[in-house]
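Notes to accompany the following structure.
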Amino acid sequence: MVSLRILRAHELQLKLLSPASTPISLFYTLFSLRTLSSYTHYDDQNSTTTPTATAAAASSQSQSLVSSICSLVYQAYSPQTHLRSSPPKLNLDLNPESLTHEQAISVVASLAQEAGSMAALSFFYWAIGFPKFRYFMRLYIFCAMAILRNGNLERAHEVVHCMVMNFAEIERLKEAADMVFEIQNQGLALSTRTLNCVLGIACDLGLVEYAENLFEEMCERGVSPDSLSYKSMVVGFCRNGRVLDVDRWLSKMLERGFVLDNASFTLIINMFCEKGLVGRASWCFDKMIRMGVKPNLINFTTMINGLCKRGSIKQAFEMLEEMVRKGWKPNVYTHTALIHGLCKKGWTERAFRLFLKLVRSDNHKPNLHTYTAMISGYCQEDKMSRAEMLLSRMKEQGLVPNTNTYTTLVSGHCKAGNFERAYEFMDIMDKEGFPPNIYTYNAVIDSLCKRGRVEEANKLIRKAFRRGLAADRVTYTIFISEHCKRADINGALVFFTKMVKVGLQPDIHLYTTLIAAYCRQKKMKESEKLLEFAVRADLIPTKETYTSMICGHCRDGNIASAIKYFQRMGDHGCAPDSITYGALISGLCKDEKLEEARRLYDTMMDKGLSPCEVSRFTLAYKYCMKDDSAAAMIMLERLEKKLWIRTVNTLVRKLCSEKKVGIAALFFHKLVDKDQNVDRVTLAAFMTACYESNKQRGNNTPRRLPKFVFIATGSDRSYISFSQSLPSDPALEVEDLYQMAQTTEISQSGAFLRTASVFRNFISRDPNSQFPAEPGRYHLYISYGCPWASRCLAYLKIKGLEKAIGFTSVRPTWGRTKETDEHMGWVFPASDTEVAGAEPDPLNGAKSIRELYELASTQYTGKYTVPVLWDKKLKTIVNNESAEIIRMFNTEFNDIAENASLDLYPPHLQSQIDQTNEWTYDKINNGVYKCGFARKQEPYEEAVKELFEALDKCEEILSKQRYLCGDTLSEADIRLFVTLIRFDEAYAVNFKCNKKLIREYPNLFNYTKDIFQVPGVSSSVNMDHIKIGYYGLLAVNPSGIVPIGPNIDYSSPHDRDRFST
1454 MVSLRILRAH
1464 ELQLKLLSPA
1474 STPISLFYTL
1484 FSLRTLSSYT
1494 HYDDQNSTTT
1504 PTATAAAASS
1514 QSQSLVSSIC
1524 SLVYQAYSPQ
1534 THLRSSPPKL
1544 NLDLNPESLT
1554 HEQAISVVAS
1564 LAQEAGSMAA
1574 LSFFYWAIGF
1584 PKFRYFMRLY
1594 IFCAMAILRN
1604 GNLERAHEVV
1614 HCMVMNFAEI
1624 ERLKEAADMV
1634 FEIQNQGLAL
1644 STRTLNCVLG
1654 IACDLGLVEY
1664 AENLFEEMCE
1674 RGVSPDSLSY
1684 KSMVVGFCRN
1694 GRVLDVDRWL
1704 SKMLERGFVL
1714 DNASFTLIIN
1724 MFCEKGLVGR
1734 ASWCFDKMIR
1744 MGVKPNLINF
1754 TTMINGLCKR
1764 GSIKQAFEML
1774 EEMVRKGWKP
1784 NVYTHTALIH
1794 GLCKKGWTER
1804 AFRLFLKLVR
1814 SDNHKPNLHT
1824 YTAMISGYCQ
1834 EDKMSRAEML
1844 LSRMKEQGLV
1854 PNTNTYTTLV
1864 SGHCKAGNFE
1874 RAYEFMDIMD
1884 KEGFPPNIYT
1894 YNAVIDSLCK
1904 RGRVEEANKL
1914 IRKAFRRGLA
1924 ADRVTYTIFI
1934 SEHCKRADIN
1944 GALVFFTKMV
1954 KVGLQPDIHL
1964 YTTLIAAYCR
1974 QKKMKESEKL
1984 LEFAVRADLI
1994 PTKETYTSMI
2004 CGHCRDGNIA
2014 SAIKYFQRMG
2024 DHGCAPDSIT
2034 YGALISGLCK
2044 DEKLEEARRL
2054 YDTMMDKGLS
2064 PCEVSRFTLA
2074 YKYCMKDDSA
2084 AAMIMLERLE
2094 KKLWIRTVNT
2104 LVRKLCSEKK
2114 VGIAALFFHK
2124 LVDKDQNVDR
2134 VTLAAFMTAC
2144 YESNKQRGNN
2154 TPRRLPKFVF
2164 IATGSDRSYI
2174 SFSQSLPSDP
2184 ALEVEDLYQM
2194 AQTTEISQSG
2204 AFLRTASVFR
2214 NFISRDPNSQ
2224 FPAEPGRYHL
2234 YISYGCPWAS
2244 RCLAYLKIKG
2254 LEKAIGFTSV
2264 RPTWGRTKET
2274 DEHMGWVFPA
2284 SDTEVAGAEP
2294 DPLNGAKSIR
2304 ELYELASTQY
2314 TGKYTVPVLW
2324 DKKLKTIVNN
2334 ESAEIIRMFN
2344 TEFNDIAENA
2354 SLDLYPPHLQ
2364 SQIDQTNEWT
2374 YDKINNGVYK
2384 CGFARKQEPY
2394 EEAVKELFEA
2404 LDKCEEILSK
2414 QRYLCGDTLS
2424 EADIRLFVTL
2434 IRFDEAYAVN
2444 FKCNKKLIRE
2454 YPNLFNYTKD
2464 IFQVPGVSSS
2474 VNMDHIKIGY
2484 YGLLAVNPSG
2494 IVPIGPNIDY
2504 SSPHDRDRFS
2514 T
């Protein structure tokens, strides 16, 4: 048998060398001759025989081994070869190290020739099972060509597939792919299946650019891509997160009529959702359905998860309903996605109801991720006791918390300021085998920095380094951002340099942080260099990057450069927003380029952008100062009525302060035409300016003005009611109007009228504004007893602005504000220990709130009220109107607020909130004061009637929904809460509002407890101050006795979470 095989091998070699050999045969011969030559060059240096004899002996020995192996393979191979559809798995009793590469090639060639393709393949698969032959390329080539010569094209391609996959293991995919194309030149025609194999592996390895080039060459060589080819490209770019490329390849695929499977659609939908492109994911989901691919449970769950991450909870539940209609039952992953989404939205109690539903389910139970999501929700709301309760419950169920679970708890305690407990959990993590990772340390370090404990944060990160952890991009970003906030750019650059040295590529947001810091310090050359570095690193500048550059150049007076960067925004697909436009408009106005500023203003309006207050006021004011009031009038006419009124009010006051009384009168007349409810402050400013102007002109100028009728309203900006007190004379003395503007808060009828606030400047996110939103610049002065001040403090707390804005409370009772007169008002304690909760003025050393007003304006003659929002930089009062302060806290500080995502005045509810505020203010907030300060029975009874009608209305509303404006906590709730929390303790008795207690309203009482338990709100309530303050009003409580009760526990459980999503 062996001799026969040897003869056949010789015969094969003769055939290969014959003139009739085909190109394939010649290619095969090339390697065969090389093989034979390697045999003949075998040399044993210890041999004493002649070289010819040695070579002959070696060749004979090699041929003998090859023949023996062929025999072994043939014996192991079943005689019924024609029945086999796949090569058998061999178990040869042979040491692969005794076989050379060339001998392996000879065995494959001999078997292919004598026993057929299956026998050759069986040995081939045995050989590549060993590393020695697995990465020997010539073995694959010889095997493929030998099998091809037998006419078995499919098996030849099978060998090529093996070569591609195995060489990809050692990062030699490109070498294998090149050989695939080379083999085509030798007769093995390329197939779509083979090249799909190469494409798929290239995409799996992340070599998407190489795969794209391969795809193009595939087409150039006449191989038609099929559905799998396009799917490989789509999936490859998808795994790399390349959204635009996925879009491009998916479009190409769909244009050619190819259809993706469920798994691929799931991958794409998930990628779009991860990138925040939920709209695109929805389009893809709908496209899948239109193409006839029925979405399965995983498709639906992926889509629900994406919607929840975006915060579109309503759409997520609508998707859940559709999923159920299609016959799919939600599993634990579906529920977990919904729970996580509800918690992120701040609807933790609704999430917990869904969680309990899962607990009670017979089919699915909460898993580790479900518990972690629920724990995260409670941590977000500062309900750490509930979070730890869930942790205990989780362990009872046999679930083991992982590092992510513990990190969530650590982060929650840090945000609540309980660092000791956070450190305890880090110790528990070590004991339970889940050592804190860099994400855990980042959570603690971030909170420490936000609370000003930077040195402690530095010590903690050094501890992390000692434990072998490496700082990631987030770590460096935390420290860089902190240094930038402190205007320590050099310190920020130290961390930035370290970050780059360790191989972490800063993203564009980090570059923008540094650029903005340089711009604030007018170091524009440095900021431009940083921007150049970012662009060279293939980073795309964002809208915020360009806005920072524009603001910096405008601040530096270099308008030309600011315009250049504004024009460059489109190159990177950035659309300027109202802040960007506002910065440039302010800069142009400052440079007296009004026409350019006006064109920019009109462009912004044409694009549907609402100009910020700084933009519209600055441009209008500049026109007026150039005596071009007509241009100012025209540009303001495009504004919505509400914005127009606000801007003109500010403009009139400013013009009056600049002695531009004539122009102020034009706008004042226009203001009366648009809104008869003229703001009291504007009126006072206008009357004062007119009075001063008349005094300067002497008796030659008439001292009469047209008669105006003003109607009192119930909004926060209280107005004087002149409709019943104006004389019948068609003209009115200026002095008379001026005196009426200064009247007391008690009307002639005995009714209470609240005086409007005077300081009405506005803090803006625009860094070019007079009062930009900056951390550490502003300070809030409040009284815990005052509801108007308390709602500002509540906002400061729930928005997470404690670090950015400090606050100080005065004493709960009034005292003498100066030794030189008898005026009584809000005063500071002499020391921290004099009155618990009250502190001396830490900024100016003022003894009273009055001193702050006089420090801000030596000409001020109005009331000295709280709240006061103080600018430490300019040493002045920014604003003393609580309704405007809370709006500033809600939006303008979002760049530095810890709870920036909470919007208590969302666009879709603004109209409803305004309407609700109007009647709750007039009838309830101010209504209790109308009752308490009324001096006659008739106005008292009228006020009481309106008060309790409004409370009944609230009770009715709250019987149907959780909050005043629906299922969302809003500004209207906080404004009502500050009155409700004082009602039973103070107003019911001291202000004679005793017709009914809040505790007797089931919905109102539980609602009050619900708001009280919102994280941060309870710390804005100091009941001792409230009671001492109200019962210390000797005008209504001459004895000054403070009652002991009722001491209501507002932290007890409420029933408001009964309302579903």
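Residues in the sequence shown are numbered from 1454 upward in steps of one, following this note's numbering. No residue lacks a Cβ here, since even glycine has one placed at the ideal position from N, Cα and C.
Quick one: Cα of I2098 to Cα of I2339, how far?
For I2098 and I2339, the distance between alpha carbons rounds to 20 angstroms.
Determine the extent of the alpha helix (DSSP H) in which V2331 is found, giving its start and end residues.
Taken as a continuous stretch (DSSP letters only), V2331 belongs to no alpha helix (DSSP H), being part of the beta strand (DSSP E) at T2329 to N2332.
Taking 8 angstroms as the cut-off, does the stretch 1999-2008 touch the stretch 1961-1980 (at least 3 CB pairs, one atom from each stretch)?
They touch, by the three-pair rule.
For W2267, which residues in the same chain have their Cβ closer than 8 angstroms to its Cβ, ignoring the five residues on either side in sequence?
The answer, listed in chain order, is M2277, G2278, W2279, V2280 and G2485.
Going by DSSP, name the residue or residues bridged to G2268.
DSSP output for G2268 lists G2278 as bridge partner(s).
Measure the Cβ-Cβ separation of V2319 and A2242 and say whether it is below 8 angstroms.
Result yes, Cβ atoms of V2319 and A2242 sit closer than 8 angstroms.
Over what stretch of residues does the beta strand (DSSP E) that includes W2323 continue unbroken?
From DSSP, the beta strand (DSSP E) with W2323 extends over V2321 to D2324.
So does the stretch 1822-1830 actually touch the stretch 1793-1800, counting three or more Cβ pairs closer than 8 angstroms?
Contact holds: three or more Cβ-Cβ distances are below 8 angstroms.
Based on Cα-Cα distance, which residue from H1936, E2066, G2229 and R2511 lies nearest to I2337?
Here the sequence assigns Glu to residue 2337, which means Ile is not the residue at that position. For E2337, the nearest C-alpha among the options comes from E2066.
Return the first residue and the last residue of the alpha helix (DSSP H) that Y1859 is part of.
First-last of the alpha helix (DSSP H) with Y1859: T1856 to K1868.
Between which residues of its own chain and A1923 is the CB-CB distance below 8 angstroms, once the five residues before and five after are set aside?
The residues are I1891 and V1955.
Suppose contacts are defined by Cβ-Cβ distances below 8 angstroms. Is K2123 in contact with R2230 by that definition?
Contact flag unset, no.
Would you mind working out which of D2437, Y2440, H2507 and I2451 sits nearest I2464, comparing C-alpha positions?
That would be H2507, whose Cα lies nearest to the Cα of I2464.
For a test of the three-state rule: what should DSSP assign to H1817, helix, strand or coil?
Coil at H1817, not helix or strand.
Could you pull out every unbroken alpha helix (DSSP H) segment of at least 4 residues lying fully inside the stretch 1692-1745, listed in chain order?
For the stretch 1692-1745, whole alpha helix (DSSP H) runs of length 4 or above, ordered along the chain, are 1696-1708, 1715-1727 and 1731-1743.
Residues in the same chain with beta-carbon distance under 6 angstroms from P2220, minus the five sequence neighbours each way, listed in chain order, please.
Hits under 6 angstroms: C2004.
If we ignore side chains and look at the alpha-carbon of each, how far apart do C2245 and P1748 end up?
Approximately 49 angstroms between the Cα atoms of the pair.
Tell whether a beta-carbon distance below 8 angstroms holds between V2467 and I2330.
No; because the gap between Cβ atoms is not below 8 angstroms, this pair is not in contact.
Tell me F2260's beta-bridge partners as DSSP assigns them.
Answer is L2233, bridged to F2260.
Identify, in the order they occur along the chain, each residue of the same chain with its Cβ nearer than 7 angstroms to the Cβ of F2512, setting aside the five sequence neighbours on each side.
Taken in chain order, the residues that qualify are Q2414, R2415 and D2420.
By how many angstroms is the C-alpha of N1649 removed from the C-alpha of R1674?
Cα to Cα, R1674 sits roughly 14 angstroms from N1649.
Here's a check: name, in chain order, each residue in its chain whose Cβ is nearer than 8 angstroms to the Cβ of K1996, leaving out the five neighbours to either side.
Closer than 8 angstroms at Cβ, skipping near neighbours: M2022, C2027, A2028, P2029, D2030 and T2033.
Nearest by alpha-carbon distance to D1815: which of E1841, R1803 and V1785 is it?
Nearest C-alpha to D1815: V1785.
Considering only residues of the same chain and omitting the five flanking positions on each side of L2119, which have a CB-CB separation below 7 angstroms?
So the list reads S2082, once near-sequence residues are dropped.
At the 8 angstroms Cβ level, is I1751 part of the contact set with chain D, yes or no?
The structure shown contains no chain D; it is built from a single protein chain.
Using alpha carbons as the reference points, say which of S2423, F2386, G2380 and L2422 lies closest to E2402.
Comparing Cα-Cα distances from E2402 to each of S2423, F2386, G2380 and L2422, the minimum goes to G2380.
Check the DSSP bridge columns for I2301 and list the partner residues they point to.
In the sequence as presented, Ile is not what sits at residue 2301; that position holds Ser. Paired residues: V2280.
Flag this pair as yes or no: are the beta carbons of F1634 and L1652 separated by less than 8 angstroms?
For F1634 and L1652, no; Cβs fall outside 8 angstroms.
Would the stretch 2440-2451 and the stretch 2378-2397 be scored as touching if the rule is three or more Cβ pairs under 8 angstroms?
Result yes; three or more Cβ-Cβ pairs closer than 8 angstroms.
Here's the rule I'm using: 16 or more other beta-carbon atoms within 10 Å means buried, otherwise exposed. How should L1807 be labelled?
Under this definition L1807 is a buried residue.
For my contact list, L2104 and Y2074 are in at a C-beta cut-off of 8 angstroms; report their separation, rounded to the angstrom.
The Cβ separation is near 6 angstroms, so the contact holds.
Would you say G1870 and R1904 are within 8 angstroms of each other, going by their C-beta atoms?
Yes.
Using the three-state DSSP reduction, which class does P2225 fall into: helix, strand or coil?
Strand, per DSSP.
Taking its Cβ as the centre, do 16 or more other Cβ atoms sit within 10 Å of R1989, making it buried, or is it exposed?
By the 10 Å Cβ count, R1989 comes out exposed.
When you compare only the Cα positions, how much space is there between L2136 and E2145?
One C-alpha to the other measures close to 14 angstroms.
Within the stretch 1983-2034, note down every full alpha helix (DSSP H) run reaching 4 residues or more, in order along the chain.
The qualifying runs are 1996-2008 and 2012-2021.
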